[in-house]
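Asks: To start, I am sharing the structure in question, which I have written as structure tokens.
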Amino acid sequence: MSDALKTVLDNMELLTPSEKALAAHCLLSSLEGEPSNDVESAWLALAENRSNALLSGDVKAVRWEEIKAKL
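Counting with the numbering used here, you get residues -1 to 69 for the letters of the sequence shown.
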């Protein structure tokens, strides 16, 4: 594991839900070439919907430590 990835994973719990959604979007976008506008809009809408669901209490957050323990 690279130092860069380790830093991101070690600090994941410090990010807000919106920052996590943005980070996920950026990481996924970087895997592909230039995204189309439709794909970009769909990812943004998905990230915003998930962030809003978390902030409104419709879904419950799971701590990163719990996820790592299950892995």
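Even for Gly, the Cβ is constructed at its ideal location relative to N, Cα and C. Since the model is a prediction, treat every value here as computed from it, not as a measurement.
1) With DSSP collapsed to three states, give me the class of Ala22.
2) Short of 7 Å in beta carbon distance, which residues of its chain neighbour Leu52, apart from the five on each side in sequence? Order them along the chain.
3) Quick check on Lys4: buried or exposed, where buried means 16 or more other Cβ atoms within 10 Å of its Cβ?
4) Tell me whether Ala67 is buried or exposed, calling it buried when 16 or more other Cβ atoms sit within 10 Å of its Cβ.
5) Output the distance between the C-alpha atoms of Asn50 and Leu42, rounded to the nearest integer angstrom.
Replies: Looking at the atomic coordinates:
1) helix
2) Pro15 and Ala59
3) exposed
4) exposed
5) 12 Å
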